[in-house]
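Numbering (numbering that gives the first Met the number 0), first residue to last: 0 to 323.
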Amino acid sequence: MKKILLLLLTAIFTLPAFSQEFSYEGLGFRILDESKCELTGLSGYSGDGRLVIPETVVYNAKNYQVTSIGQSAFWYCSSLTSIDIPNSVTEIGYYAFGYCTSLTSIDIPNSVTSIGDYAFYGCSSLTSITVQDGNKNYSSIEGVLFDSYRKILIVYPCGKTDSTYQIPNSVTSIGYCAFEWCSSLTSIDIPNSVTSIGHSAFGWCDSLTSIDIPNSVTSIGESAFQNCSSLTSIDIPNSVTSIERYTFNGCRSLTSIDIPNSVTSIGQSAFWNCSSLTSINIPNSVTSIGQRAFWNCSSLTSIDIPNSVTEIGQGAFSCCFNIT
């Protein structure tokens with residue numbers, strides 16, 4: 000019995016050390032299973048800005064295939080100018096290339112089946128994301144990343160210098176942070192095919208002066224136009240039922256806005272610091288106004304709150320000094 004127990008304990012402690020981390024040629028890796036590993040980041044890398052990710056690596060005399068790039072793997076690797084991703088990689092994690100501010104272009108191999116949200120967040124020099132032919136999950140048009148059917152616009156590289164962009168008619172959804180930090184864009188044409196605008200989709204597009212949202216759009220995510228500081232006007236279609244949190248937060252040039260009768264709620268900090276807003280129409284359909292919804296709308300002189308409103312959050316009109 001003791002011999003059997005000893006053999007079992009020996010077997011347990013000699014199992015492959017899954018999740019064990021190791022270094023290989025200046026890169027960090029984590030073992031996923033008996034044959035696969037994940038790239039976790041740089042570990043003493045001293046290259047010239049161009050990084051070639053190997054397809055296989057060796058640890059303890061055993062080969063492991065690199066199948067994924069981990070979450071935040073290259074976060075703030077500001078010296079990287081180009082990265083070659085091998086065909087062995089199937090997954091790219093959340094924030095994988097976040098704030099790689101010198102990265103100008105990237106090629107996605109046809110093996111990749113999953114790209115995490117915010118994978119290219121803050122890549123201010125990125126002008127092109129190209130997807131290799133044959134990829135079953137993703138595609139690209141002129142450097143813009145889409146799903147394979149081109150129904151979801153995933154990322155418009157914020158290093159592109161075009162002042163205008165027309166979203167293809169195939170698109171039904173604008174993804175999370177799709178245009179965030181695209182400071183060169185002054186106008187964007189949204190087709191009638193689009194039904195949803197994601198969280199922070201146009202956040203910090205500080206050159207965007209106006210945008211027409213078609214009636215096909217039924218949902219606008221929170222922070223969708225946050226800090227679009229040059230936005231002077233916007234029409235919210237009758238198809239939208241709520242203005243989410245922080246939707247127009249920091250739109251300092253916005254002077255007026257008409258809220259359609261379809262809207263029933265105005266979220267927390269929805270118009271926070273819209274300091275040029277002089278008038279706003281709140282329809283009878285609205286039942287709630289969130290906390291700090293109009294905080295520091297310092298140009299507002301009056302506002303009519305309809306009888307339908309049963310809830311007003313704390314500080315909804317704080318720092319609106321000119322309201323009489």
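Beta carbons: idealized from backbone N, C-alpha and C, even for Gly. As the structure is a computational prediction, the values presented were derived from the model and not from experiment.
Assuming residue i and residue j form a contact by the criterion Cβ under 8 Å, report the distance between their Cβ atoms to the nearest whole angstrom.
i: Gly-249; j: Ala-269; result: At roughly 11 Å, the Cβ-Cβ gap does not stay under 8 Å, so Gly-249 and Ala-269 are not in contact.
i: Ile-140; j: Pro-167; result: 7 Å
i: Leu-324; j: Asn-321; result: As shown, the chain starts at 0 and ends at 323. That puts residue 324 outside it, with no answer to give.
i: Ile-281; j: Pro-259; result: In fact, because the Cβ distance is near 11 Å, the residues do not count as touching under 8 Å.
i: Arg-291; j: Gly-314; result: 5 Å
i: Val-285; j: Ser-307; result: 6 Å
i: Ser-297; j: Ser-274; result: 5 Å
i: Pro-213; j: Ile-189; result: 6 Å
How many Å lie between residue i and residue j at the Cα?
i: Tyr-245; j: Tyr-58; result: 48 Å
i: Pro-108; j: Val-262; result: 43 Å
i: Leu-7; j: Glu-37; result: Its pLDDT being 46, under 50, Leu-7 is placed unreliably in this model, and the value from its coordinates should be taken loosely. Distance between the alpha carbons of Leu-7 and Glu-37: 29 Å.
i: Gly-115; j: Leu-152; result: 14 Å
i: Gly-202; j: Ser-278; result: 23 Å
i: Ile-163; j: Asp-106; result: The sequence shown places Thr at residue 163, rather than the Ile named in the question. Approximately 24 Å, taken between the alpha carbons.
i: Ile-242; j: Gln-165; result: 25 Å
i: His-198; j: Ser-222; result: 6 Å
i: Lys-61; j: Thr-240; result: 57 Å
i: Ser-186; j: Tyr-93; result: 28 Å
i: Ile-84; j: Asp-205; result: 32 Å
i: Ala-10; j: Ser-22; result: Since pLDDT at Ala-10 reaches only 44, below the 50 mark, its modelled position is unreliable, and the value read off the structure follows with that caveat. Cα to Cα, the separation comes out at about 26 Å.
i: Ser-18; j: Ile-30; result: 5 Å
i: Val-130; j: Asp-303; result: 51 Å
i: Pro-236; j: Phe-247; result: 15 Å
i: Asn-134; j: Ser-67; result: 16 Å
i: Thr-254; j: Cys-319; result: 14 Å
Please identify the residue among the options whose C-alpha is closest to the C-alpha of residue i.
i: Trp-271; options: Cys-122, Ile-166 and Phe-293; result: Phe-293
i: Ala-118; options: Ser-110, Ile-128 and Asn-109; result: Ile-128
i: Leu-79; options: Thr-300, Arg-49, Ser-255 and Gly-133; result: Arg-49
i: Thr-103; options: Val-143, Leu-125, Leu-230 and Cys-318; result: Leu-125
i: Tyr-75; options: Ile-30, Asn-62 and Tyr-98; result: Tyr-98
i: Ser-123; options: Ile-302, Asn-136, Ser-222 and Thr-100; result: Thr-100
i: Gly-69; options: Cys-204, Pro-85 and Thr-39; result: Thr-39
i: Ser-287; options: Ser-317, Glu-310, Val-56 and Cys-273; result: Glu-310
i: Cys-157; options: Val-143, Ser-274 and Pro-236; result: Val-143
i: Tyr-175; options: Ala-200, Ile-302 and Phe-316; result: Ala-200
i: Gly-25; options: Phe-73, Ser-218 and Ala-177; result: Phe-73
What do you reckon, are the CB atoms on residue i and residue j nearer than 8 Å?
i: Ser-87; j: Gln-64; result: yes
i: Thr-89; j: Ser-71; result: no
i: Ser-215; j: Thr-231; result: no
i: Val-56; j: Phe-28; result: yes
i: Ser-147; j: Tyr-155; result: no
i: Lys-150; j: Ser-182; result: no
i: Ser-229; j: Ser-252; result: yes
i: Ile-91; j: Ser-113; result: yes
i: Ile-196; j: Gly-220; result: yes
Is there a Cβ from chain B that is less than 8 Å from the Cβ of residue i?
i: Ser-169; result: No chain B appears in the structure shown, which is made up of a single protein chain.
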